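Notes for the one structure printed next.
Residue numbers (full-length UniProt numbering): 1 to 285.
In structure tokens, the structure reads:
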């Protein structure tokens with residue numbers, strides 16, 4: 001038959017670990033396998049602002065139309081504001097191209113598809129020293145110094161997963177200078193903004209790179225910070241050198257999204273928009 005030669009896929013380590021945790025009867029166990037905030041009973045914890053937004057949408061019935069390919073425009077304006085800041089000159093310049101994605105993984109997927117035409121290979125670098133429990137700074141700088149111009153570096157903006165070893169502000173500044181001198185490209189992965197030291201503090205590195213004139217890609221998700229894990233709410237932002245280039249990049253991202261998944265889920269983005277478009281709701285969040 002047609003599917004007779006299909007083999008089993010590779011094991012999912014996280015799924016197997018979750019099964020083991022669920023089957024463990026030790027009353028003192030703590031399951032850190034899946035990144036979800038839960039209450040003392042191990043159940044999903046809903047933010048107050050999110051519950052209010054759900055009630056609001058239920059009352060106003062926004063329907064179930066498809067989003068446009070590039071996503072909810074109001075959601076994207078608010079998402080970009082959270083990343084780059086309320087008074088960002090970069091946003092005012094019109095040089096940022098933003099599209100909605102299927103959470104952070106979808107954002108990274110589209111970002112790497114976009115960059116894949118210039119990527120020649122993948123090299124792994126050392127970020128973490130198990131001896132100190134901190135960033136292996138010398139190894140990071142060695143990787144930067146040994147990289148060819150136009151190499152792409154994937155950087156986690158904060159709450160480094162899985163090591164929790166983040167760069168200090170001085171290290172971010174040094175890294176930006178070294179990468180700028182060598183014409184290297186940063187791709188930022190932001191899954192935990194606001195869950196480390198604060199909304200602004202957690203994106204210090206990204207904003208510093210932006211202020212230093214970098215072109216960059218920023219992959220964003222609201223899964224963790226809004227408790228919208230299963231709604232897959234993400235965005236991809238590109239800082240470009242000119243408004244004209246931003247328009248071209250935006251259109252290329254539209255083309256990729258159309259061929260990959262056509263449009264992103266609407267409900268979660270509407271919840272985020274309901275909260276971030278209302279100062280009182282945003283303050284509660």
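By construction, the Cβ of each residue, glycine as well, lies at the ideal position given by its N, Cα and C atoms. The model shown is predicted, which means the values in this text are computed figures rather than measured ones.
query, result
"Cutoff 6 Å; reference residue 143; Cβ partners in own chain excluding five residues on either side", "125"
"Residues of its chain near residue 229, where Cβ-Cβ distance is below 6 Å and the 5 sequence neighbours each way are ignored", "36 and 223"
"Residue 2 burial status per 10 Å Cβ neighbour count (16 or more: buried)", "exposed"
"Contact between the region 61 to 70 and the region 161 to 175 (3+ Cβ pairs under 8 Å)", "no"
"Distance CB(residue 274)-CB(residue 109) smaller than 7 Å", "no"
"Collapsed DSSP secondary structure at residue 189 in the structure displayed", "strand"
"Where residue 229 falls: helix, strand or coil (DSSP)", "helix"
"Extent of the continuous beta strand (DSSP E) run through residue 100", "96 to 102"
"Cβ contact (3+ pairs, closer than 8 Å) linking the region 194 to 208 and the region 232 to 248", "no"
"Of the listed residues 28, 101 and 285, nearest to residue 255 (C-alpha basis)", "101"
"Cβ pair residue 158, residue 192 closer than 7 Å", "yes"
"Beta-carbon contacts of residue 31 that lie in its chain and below 7 Å, excluding the five residues immediately before and after", "21"
"Inter-residue Cα distance where the pair is residue 71 and residue 145", "38 Å"
"Residue span of the alpha helix (DSSP H) that contains residue 25, given as start and end", "Where residue 25 is concerned, there is no enclosing alpha helix (DSSP H), given that its DSSP letter is neither H nor E."
"Collapsed DSSP secondary structure at residue 258 in the structure displayed", "helix"
"Paired residues, beta bridge with residue 38 - DSSP", "44"
"First and last residue of the uninterrupted alpha helix (DSSP H) at residue 283", "279 to 284"
"Coil, strand or helix - residue 157 by DSSP", "coil"
"Same chain, Cβ closer than 6 Å to residue 151, neighbours up to 5 away in sequence not counted", "184"
"Close Cβ partners of residue 106 (< 6 Å) along its chain, the five nearest in sequence each way excluded", "234"
"Alpha-carbon spacing of residue 47 relative to residue 83, whole angstroms", "20 Å"
"Bounding residues of the alpha helix (DSSP H) (the contiguous stretch that carries residue 218)", "Taken as a continuous stretch (DSSP letters only), residue 218 belongs to no alpha helix (DSSP H), being part of the beta strand (DSSP E) at 216 to 221."
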